[in-house]
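Here the structure comes first, spelled out in structure tokens, and everything after it is commentary.
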Amino acid sequence: MPKIKVNNLIKYLNDIFPQVTAAEWDKVGFQIEEVYNLPSQDEIDTVVVCLDVTKEVIEKAIELKSNFIISRHPFLFNSLEEEMKNSAKRRMRNLLIEHEIQVFSIHTNYDCSVSQNIIELLSTQFNIKKVEKVGETNEGYKINLLNDVTLKELVDKMKFIFGRKQANLTKNIDLEKFVKKFYLTTGSGASTMSYLELENEVFITGEAKWDQWLYADQNNIDLITVGHYMENHFIDDIKNKLLKTFNDDLKICAFDIKNTFIIY
Numbered sequence: 000m001p002k003i004k005v006n007n008l009i010k011y012l013n014d015i016f017p018q019v020t021a022a023e024w025d026k027v028g029f030q031i032e033e034v035y036n037l038p039s040q041d042e043i044d045t046v047v048v049c050l051d052v053t054k055e056v057i058e059k060a061i062e063l064k065s066n067f068i069i070s071r072h073p074f075l076f077n078s079l080e081e082e083m084k085n086s087a088k089r090r091m092r093n094l095l096i097e098h099e100i101q102v103f104s105i106h107t108n109y110d111c112s113v114s115q116n117i118i119e120l121l122s123t124q125f126n127i128k129k130v131e132k133v134g135e136t137n138e139g140y141k142i143n144l145l146n147d148v149t150l151k152e153l154v155d156k157m158k159f160i161f162g163r164k165q166a167n168l169t170k171n172i173d174l175e176k177f178v179k180k181f182y183l184t185t186g187s188g189a190s191t192m193s194y195l196e197l198e199n200e201v202f203i204t205g206e207a208k209w210d211q212w213l214y215a216d217q218n219n220i221d222l223i224t225v226g227h228y229m230e231n232h233f234i235d236d237i238k239n240k241l242l243k244t245f246n247d248d249l250k251i252c253a254f255d256i257k258n259t260f261i262i263y
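Counting from 0, one number per residue, gives the positions in the sequence shown under numbering that gives the first Met the number 0.
Pasting the structure below:
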């Protein structure tokens, strides 16, 4: 079975999503120190790509005899001591070490990269005139359209693009209002809204905290959240990039964990 050098895979990922561009607080890159540089990490034939590393993701990697997982969110986001207070994560980490599986995370360095496919996705539904990167670490986008759309059209198209059945909106939003510009940051990106000191704008993100909803309300911002799961486009994006680059030398398993909660 064909294999590729792990070093070649990491070089490719770091070329398009440089770790040096990640936020200072972020924990991107290799996550399992005990597995780093083991003989099993020299060459690989199968990669599992996911949003978050869960026990189900690890079980799939074991089933596929894969020694490498690429995740959107860091598996170890805080100090190891703090993370190991989570008994489920402790068991998962032990399982990764036992089966010599490495986790490589691409987080805020993905957000700020022009190589990711978010604009490509938006272009399937909107006629985009201009795109600007914005935010403290260039994590967000200011998007100008060629033609006006109603906020209802905007919300519906965002739900379609990111596979969402519902969205949360600021209480006084006028869905019939026409707009030609909006801001977008995936994940928990509402802090970008206040960082830019926005007023009288449209801002779209995955989720927002209570104080961020208040900021939007008091600054006349039409805030729209479509769930943190909107970041799931990362999985297909990475899968397609790896397939295009490494062809048949690498098998990729795209693992979708779905939402971890239900609406009751």
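Beta carbons are placed, not taken as given, at the ideal position from N, Cα and C, and that holds for glycine. Predicted model, so just to flag it, every value in this text is computed and none were measured.
Quiz item: Apart from the five residues just before and just after E198, which ones in its own chain have a Cβ nearer than 8 Å to its Cβ?
Solution: Closer than 8 Å at the Cβ level, and outside the excluded window around E198, lie N218, N219, I220.
Quiz item: Considering Q115, what are the terminal residues of the beta strand (DSSP E) in which it resides?
Solution: Taken as a continuous stretch (DSSP letters only), Q115 belongs to no beta strand (DSSP E), as it is neither H nor E.
Self-check item: Whole-angstrom distance between V5 and E42, CA atom to CA atom
Solution: Approximately 5 Å, taken between the alpha carbons.
Practice problem: May I have the straight-line CA-CA distance separating T45 from S65, to the nearest angstrom? | Solution: Distance between the alpha carbons of T45 and S65 is about 5 Å.
Practice problem: Measure the CB-CB distance between P73 and S104 and report whether it falls below 7 Å. | Solution: Yes.
Exercise. Compare the C-alpha of T53 against each of L8, L242, K176, L75 and name the closest.
Key: The shortest C-alpha separation from T53 is found at L75.
Self-check item: Same chain only: Cβ atoms within 6 Å of I111, ignoring 5 sequence neighbours per side
Solution: Here residue 111 is Cys; the residue named in the question, Ile, does not match the sequence. Closer than 6 Å at Cβ, skipping near neighbours: T20, T136, N137, E138.
Exercise. Apply the 10 Å Cβ neighbour rule to R89 and answer buried if 16 or more other Cβ atoms are within range, or exposed otherwise.
Key: With a threshold of 16 other beta carbon atoms within 10 Å, R89 falls short and is exposed.
Quiz prompt | Completely contained alpha helix (DSSP H) runs for the segment 50 to 117, where each covers 4 or more residues | solution = Secondary structure in the segment 50 to 117: the alpha helix (DSSP H) runs of 4 residues or longer, each lying completely within the stretch, are 54 to 62, 79 to 82, 86 to 97, 107 to 110 in chain order.
Quiz item: Comparing alpha-carbon positions, which option in I15, S39, V225 lies nearest I3?
Solution: It is S39.
Quiz item: Who are the near neighbours of I256 in its chain, counting only those whose CB is closer than 8 Å to its CB and skipping five residues on each side?
Solution: Same-chain partners within the cutoff: C49, L50, D51, T53, E55, V56.
Exercise. Taking only the alpha-carbon atoms, compute the straight-line gap between P1 and Q101 and give it to the nearest angstrom.
Key: Rounded to whole angstroms, P1 to Q101 spans 19 Å at the Cα level.
Quiz prompt | Cutoff 8 Å; reference L37; Cβ partners in own chain excluding five residues on either side | solution = Counting only Cβ-Cβ distances below 8 Å, and skipping sequence neighbours, we find E99.
Self-check item: Proximity winner among V133, Q165, V154, relative to Y182 (alpha-carbon distances)
Solution: Nearest C-alpha to Y182 among V133, Q165, V154: V133.
Quiz item: The beta strand (DSSP E) with V178 in it runs from where to where?
Solution: Counting along the chain, the beta strand (DSSP E) containing V178 begins and ends at 177 to 184.
Quiz prompt | Proximal residues to A87 (C-beta, below 8 Å), its chain only, five neighbours per side dropped | solution = The answer, listed in chain order, is K54.
Practice problem: Express the C-alpha separation of I31 and R92 in angstroms, rounding to a whole number. | Solution: About 8 Å.
Practice problem: Using the DSSP secondary-structure output, state which residues sit across from K158 in a beta bridge. | Solution: K158 is bridged by DSSP to nothing; it lacks a bridge partner.
Quiz item: If you compare alpha carbons, which of H106, T149, K179 is closest to I69?
Solution: It is H106.
Quiz item: What residue does the beta strand (DSSP E) around V148 start on, and which one ends it?
Solution: Its beta strand (DSSP E) spans residues 139 to 149.
Self-check item: Residues that DSSP places opposite N167 in a beta bridge
Solution: Bridge partners of N167: T224.
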